[in-house]
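Here the sequence shown is numbered in the numbering used here, starting from 722 and rising by one per residue.
Ideal Cβ placement from N, Cα and C applies to all residues, glycine included.
What follows is a short report on a single structure.
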Amino acid sequence: MFTAFLIKYAEIGVKGKNRYLFEDALVQQIKYALKRCEGDFKVHKTQGRIYVDALTAFDFEETVEHLKTVFGISGICPVVYVEDEGFEKLCGTVVKYIDDVYSDKDKTFKIVARRARKNYPLDSMEINREMGGAVLDAYPQMRVDVHKPDIELNIEIREKIYIYSEIIPGPGGMPIGTAGKAMLLLSGGIDSPVAGYMIAKRGVKIDAVYFHAPPYTSERAKQKVVDLARLVSRYTGPIYLHVINFTDIQLHIYEKCPHEELTIIMRRIMMKIAEHIARETECLGLITGESIGQVASQTMHSLAATNEVCTMPVYRPLIGFDKQEIVEVAEKINTYETSILPYEDCCTIFVAKHPVTKPNLNMIKKHEQNLGEKLDELMKTALETDELIIVQA
């Protein structure tokens, strides 16, 4: 029945003179998402509206699911197009639309007309009144309710006439690429994929870095991270995943530093490496999945010690979330089941029995001096052997 979609957006509508830039970015993201669907589509914008027209046969459910991954979309409206062949013909089309879409007619309804084309012979109020009468004549069991109707039937008078009554919620946010690029520290856990998703929702393009520690972490652990990046890329577009061999650095820290400080020092080195890659790839910040108090390395004292090594902003969108809230988002974006697969990452294999929760920054720096110039050599080698994987859904 439906051969087109009206795409609604929210925040973009308040962007003033720059709105067209965000609209154009949204159009490009919609085109990218629809490449994964069967069928050919035309995406176009006109007078503050974005439309997706199906040019060939397509799978309705599949198309909607892919549109629901495009940040910037607040609503997806399946639309029926009607050529302007007079009001009586329009009434007949609306009556048929209701019959096709709603098998149960024992509902309340409201007609909402918008007349963008001012030469149409009836104004909006007249369309509402006359169309409401036509619907009641066809279906006497239906009732008008202008406050909380079961069906809000929209009629937009433009070059063509558009009829729709369903608004499928989109993900909201801003189109990818409208807010710069950032580097996600991606592990195999639950939190970091959610953090990447949430920052991407604000229009940020995402690259990622994963710290691999063979043979202590397996190839299955690495593949798990690639799989997580692929799931996140359904929303973010292609992700450039940098895989850093962290084994020698981790063993050097284990040998030279107090064990209760292993996690903090390891995190500091990770942040240094991630920041170096971020600068090389023109990222504007780092993203982590840290949440205050979740583990020893995420207390306020520990986060302050970790931050101290960075000059680049560190974005922590989960900072005030509890675990259940994070899990709910992970389930929503379909990363949870992959995240809980039992393959350890390098953050979990060298954990001290009693990690420090209130690290003293001066002591941390003092103990880091034990790492000497060898640390610089190991970091240089790790960066030179960076494995780049381009991941996309």
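Output yes or no for whether 8 Å exceeds the beta carbon distance between residue i and residue j.
i     : j     : result
F792  : G894  : yes
P979  : S1023 : no
L906  : V1112 : no
Y860  : K817  : no
Y1064 : K945  : yes
I751  : G891  : no
Y956  : A900  : no
Using C-beta distances below 7 Å, list every residue in its chain close to residue i, excluding the 5 sequence neighbours before and after it, in chain order.
i     : result
P842  : none
Y753  : G958
C1004 : K902, A903, M904, D928
R864  : T829
Can you check DSSP and say which residues form a bridge with residue i?
i    : result
M904 : D928, L1007
T767 : R770
C798 : L727
F762 : A775
R835 : E877
L962 : A929, I1110
Looking only at its chain, what residues have a beta carbon closer than 6 Å to the beta carbon of residue i, apart from the 5 residues adjacent to it on each side?
i     : result
A1026 : I985, P1080, L1082, I1085
V915  : I1047, V1050, A1051
K993  : V1030
P1038 : A916, M919, I920
If residue i and residue j are in contact, beta carbons under 8 Å, what's the gap, nearest whole angstrom?
i     : j    : result
I884  : V803 : 6 Å
V800  : F726 : 6 Å
A995  : V930 : 5 Å
S1012 : G910 : Rounded, the Cβ-Cβ distance is 11 Å, inconsistent with contact.
L747  : Y730 : 6 Å
M856  : I819 : Per the sequence shown, the amino acid found at residue 856 is Val instead of Met. V856 to I819, Cβ: 7 Å. Contact.
From this set, the options, which residue's C-alpha is nearest residue i's C-alpha?
i     : options                  : result
M1033 : M904, G769, K1044        : M904
S1018 : M863, R740, P1076        : P1076
E1135 : I974, D866, L952         : Any answer about residue 1135 is impossible in this case: the structure gives the chain only from 722 up to 1114.
I960  : I897, T938, M1021        : I897
E806  : L742, I878, P870, K756   : I878
E1001 : I970, L1104, R941, A934  : L1104
I1110 : Y1057, K810, T1056, L949 : L949
K1044 : L788, D912, I797, N739   : D912
P1118 : L952, E732, N966         : Any answer about residue 1118 is impossible in this case: the structure gives the chain only from 722 up to 1114.
L1062 : T1078, Q971, K943        : K943
T968  : S939, R740, T1078, S954  : S939
Only counting the same chain, and skipping five residues up and downstream in sequence, which positions put a Cβ closer than 8 Å to that of residue i?
i    : result
G760 : A775, L776, T777, A778, F779, D780, T784
E851 : F808, C812, L843
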